[in-house]
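Q: Residues 1 to 220 (this note's numbering) make up the sequence shown, in order.
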Amino acid sequence: MGLVIAIDGPAASGKGTLSKRVAAAYGFAHLDTGALYRAVGVSVIRAGGDPADAEAATRAALDLHPEDGILSDPALRTDEAAQAASKVAVVPAVREALLAFQRRFAEMPPGGAPGSVLDGRDIGTVVCPSADAKLFVTASVEVRADRRLKELRERGIPAIPSDVLEDMKARDARDSQRAVAPLRPAADAFVLDTSALNADQAFDAAIAFIGSKTGLGPKA
Ligand code: DC
Numbered sequence: 001m002g003l004v005i006a007i008d009g010p011a012a013s014g015k016g017t018l019s020k021r022v023a024a025a026y027g028f029a030h031l032d033t034g035a036l037y038r039a040v041g042v043s044v045i046r047a048g049g050d051p052a053d054a055e056a057a058t059r060a061a062l063d064l065h066p067e068d069g070i071l072s073d074p075a076l077r078t079d080e081a082a083q084a085a086s087k088v089a090v091v092p093a094v095r096e097a098l099l100a101f102q103r104r105f106a107e108m109p110p111g112g113a114p115g116s117v118l119d120g121r122d123i124g125t126v127v128c129p130s131a132d133a134k135l136f137v138t139a140s141v142e143v144r145a146d147r148r149l150k151e152l153r154e155r156g157i158p159a160i161p162s163d164v165l166e167d168m169k170a171r172d173a174r175d176s177q178r179a180v181a182p183l184r185p186a187a188d189a190f191v192l193d194t195s196a197l198n199a200d201q202a203f204d205a206a207i208a209f210i211g212s213k214t215g216l217g218p219k220a
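1) Give the range of the beta strand (DSSP E) segment to which V4 is assigned.
2) I'd like to confirm something about S72: is its beta-carbon nearer than 8 Å to some heavy atom of the ligand DC, or not?
3) When DSSP builds the beta bridges, which residues end up paired with L192?
4) Suppose the cutoff is 7 Å on Cβ atoms and the five residues either side in sequence are ignored; what does the same chain contact list for P10 look like?
5) Check this for me: beta carbons of A113 and G16, under 9 Å apart or not?
6) Nearest CA to the CA of S13: which residue from I157, D132, A133, D119?
7) Quick one: what does DSSP say S162 is sitting in, helix, strand or coil?
8) For D132, which of D63, D167, D146, S212 has the nearest alpha-carbon?
9) With hydrogens ignored, establish whether the beta-carbon of I123 is closer than 8 Å to any heavy atom of the ligand DC.
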């Protein structure tokens, strides 16, 4: 088993960008575990179901084949998909169904990579509790809503600031208050607040922490 780096945090905390950069720096494989939940949510919607329906969500999770390219479907990146993901994610059987794929990825990273970076909500607490380095990336809800708004506008999607903030709060509440695997930092996680940091500063802080835990240096 290669080195495992767990990066958790709320929506729009910057953990996705950070995880990709960290993985590239070490030549590790990267898994965006949120995409698994998004894929389940989108499958339920496509089948005409309601993502809040536990049975429909469980069926979709059991039928999911992440290797088939679904994780790069642009439909996963919409706000509708994000809200659907957060609804299916409260269902324990959905989480259970997605666990094996995530652990396999960490144990045997694709392409023979020497390690893996998994980002999500419960990587350090549930999926890979013995990860070599755990980060919890966060930022104030206002900063995260601002980032999300900017991202939507850059993609040409009209958005109302107060709606984006309310959606962000609703998702935070659902993710952190659910009974199974709620969003919270692992006891041994390094909490990285990116409210006042740019992407480079967040990356430097992450690399310094990971280096201190693992002795790894970024690839030349
Ligand atoms: O990271 P993201 O915004 O793509 O995640 C979408 C939703 O999926 C998120 O609101 C909660 C859920 N999720 C989860 O419960 N556990 C994970 N490891 C990753 C995502």
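Idealized CB from N, CA, C, for every residue including glycine.
A: With the given structure in hand:
1) 3-8
2) no
3) V137
4) T138, R144, D172, D175, L183
5) no
6) D119
7) helix
8) S212
9) yes
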